[in-house]
Amino acid sequence: MRESSRMEQLLDDTSLATAAALLLAAGTIVASLQLLRSRAGENPRANPDGPQWLLGAGGYLLLLALAARGLTIRGWPLARRYEILLLSAASLALFYAFGFHGEHSALAGVCAGLVATPMLVLNLLFTPSGVREPQPLPPLLGGTWFPVHVLATVVSYGGLLLAGSAGILGLVSGGSAESSGIPRQLDEVAYIGLSWGYPWLTLGMIAGAVWSWESWGVFWSWNSKEVLSLSTWALCALAFHTRRLKGWRGRPHRVVLGLVLLVLLLTLLVSQRLAQQAVPGIEYVF
503 MRESSRMEQL LDDTSLATAA ALLLAAGTIV ASLQLLRSRA GENPRANPDG PQWLLGAGGY
563 LLLLALAARG LTIRGWPLAR RYEILLLSAA SLALFYAFGF HGEHSALAGV CAGLVATPML
623 VLNLLFTPSG VREPQPLPPL LGGTWFPVHV LATVVSYGGL LLAGSAGILG LVSGGSAESS
683 GIPRQLDEVA YIGLSWGYPW LTLGMIAGAV WSWESWGVFW SWNSKEVLSL STWALCALAF
743 HTRRLKGWRG RPHRVVLGLV LLVLLLTLLV SQRLAQQAVP GIEYVF
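Each number in the working numbering corresponds to the 1-based position in the sequence shown with 502 added.
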């Protein structure tokens with residue numbers, strides 16, 4: 503009986519998410535130490551893949567936490583802000599773990615960890631326990647296109663959050679468009695994240711429009727979440743297509759990436775409250 507109780511505690515989604523937060527924090531610290539050593543001229547290759555292993559393991563634990571929630575309700579576990587924030591942190595950590603090795607890995611690990619770790623920790627600390635309780639999906643959120651919309655959108659967040667973080671750090675570093683070293687590497691990290699996230703966000707918005715048509719008979723309703731998503735997509739399009747144009751490289755490009763991060767965080771953290779004030783009782787906003 504005791505062994506069964508201990509196993510349930512180990513597989514509890516809150517316990518798994520807490521363990522994931524510790525791994526993400528450890529990965530961020532290791533990546534920061536590697537970056538500092540490389541800048542000091544030391545050899546950072548003692549354990550070059552340490553940040554990838556730590557952040558990747560944290561991402562997998564978050565997926566396991568979401569799977570545990572799905573098993574509890576015997577259904578789709580991704581509809582509410584708490585769950586979407588868990589998956590967003592997992593998407594960012596796993597995108598870094600699989601997408602970066604070698605020259606830019608430590609810098610990209612710092613960019614990923616500085617967003618994923620606070621996002622997860624604040625989600626765990628400030629989401630009330632009652633809200634964290636797994637709940638079945640309302641009937642309105644059924645259908646094939648809703649899971650496609652959610653997965654494609656949140657997969658895009660992995661790349662876009664990383665690109666936005668790299669843009670902010672690039673602004674802090676103060677390098678020009680012709681700079682080498684850390685500023686140039688940050689621009690390259692941001693481009694990799696943008697190249698991944700922009701197409702997936704486009705797919706997620708198309709799937710969301712189809713799902714909206716099936717559920718309500720309209721493709722677009724101009725609620726706060728849709729406006730913020732469209733703003734994110736427009737900023738991504740601007741950043742993606744102007745990054746090499748004269749007058750846009752360097753600081754202007756990084757400002758746009760910083761705005762991408764800001765609007766994404768507003769989408770994840772604020773759009774639910776805004777939409778519920780406009781339409782009391784609305785079931786699905788993230």
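Just so it is clear, CB atoms sit at the ideal spot from N, CA and C, and this is done for glycine as well.
Between the C-alpha atoms of Leu476 and Leu688, what's the straight-line distance to the nearest angstrom? One cannot answer for residue 476 here, as it falls past the ends of the chain, which runs 503 to 788.
Give, in chain order, every unbroken run of the alpha helix (DSSP H) that is at least 4 residues long and sits entirely within the region 652–738. 684–718
Measure the beta-carbon distance from His651 to Trp578 and round it to whole angstroms, keeping in mind my assumption that it falls under 8 Å. As a first step, residue 651 is located in the sequence shown; it is residue number 149 there, counting from the start. As a first step, residue 578 is located in the sequence shown; it is residue number 76 there, counting from the start. Contact flag wrong, Cβ pair sits at about 12 Å.
Residues near Ala791 by beta carbon distance below 6 Å, same chain, minus five either side: Nothing in the structure corresponds to residue 791, since the chain is present only between 503 and 788.
C-alpha gap between Ala567 and Lys748, whole angstroms: Translated into positions along the sequence shown, residue 567 becomes position 65. Translated into positions along the sequence shown, residue 748 becomes position 246. So the two alpha carbons sit approximately 46 Å from each other.
Close Cβ partners of Phe721 (< 7 Å) along its chain, the five nearest in sequence each way excluded: Position 219 of the sequence shown holds residue 721. These residues qualify, in order along the chain: Ala711, Ser714, Trp715.
Can you tell me whether Ala736 is buried or exposed? The criterion is at least 16 other CB atoms within 10 Å of its CB, across all chains shown. By 1-based counting over the sequence shown, the position of residue 736 is 234. Exposed is the call here.
Ser658 burial status per 10 Å Cβ neighbour count (16 or more: buried): As a working note, residue 658 is residue 156 in the sequence shown. With 16 or more other Cβ atoms within 10 Å, it is buried.
Can Leu664 and Phe597 be called in contact, C-beta distance under 8 Å? Within the sequence shown, residue 664 is the residue found at index 162, counting from 1. Within the sequence shown, residue 597 is the residue found at index 95, counting from 1. Going by C-beta atoms, Leu664 is nearer than 8 Å to Phe597.
Excluding the five sequence neighbours on either side, which residues of its own chain have a C-beta within less than 6 Å of the C-beta of Phe602, listed in chain order? Here residue 602 is taken as the residue at index 100 of the sequence shown, counted from 1. Answer for Phe602: Ala610, listed in chain order.
Go through its chain and collect everything with a Cβ distance to Leu627's Cβ below 6 Å, but skip five positions before and after it. The residue given as residue 627 occupies position 125 in the sequence shown. The answer is none, since no qualifying residue turns up.
Given a cut-off of 8 Å on the beta-carbon distance, is the pair Gly760 and Ile684 in contact? On the sequence shown, residue 760 is found 258 positions in, with the first residue counted as 1. On the sequence shown, residue 684 is found 182 positions in, with the first residue counted as 1. For Gly760 and Ile684, no; Cβs fall outside 8 Å.
Apart from the five residues just before and just after Ala559, which ones in its own chain have a Cβ nearer than 6 Å to its Cβ? Taking the first residue of the sequence shown as position 1, residue 559 is located at position 57. Only Leu525 meet the Cβ criterion.
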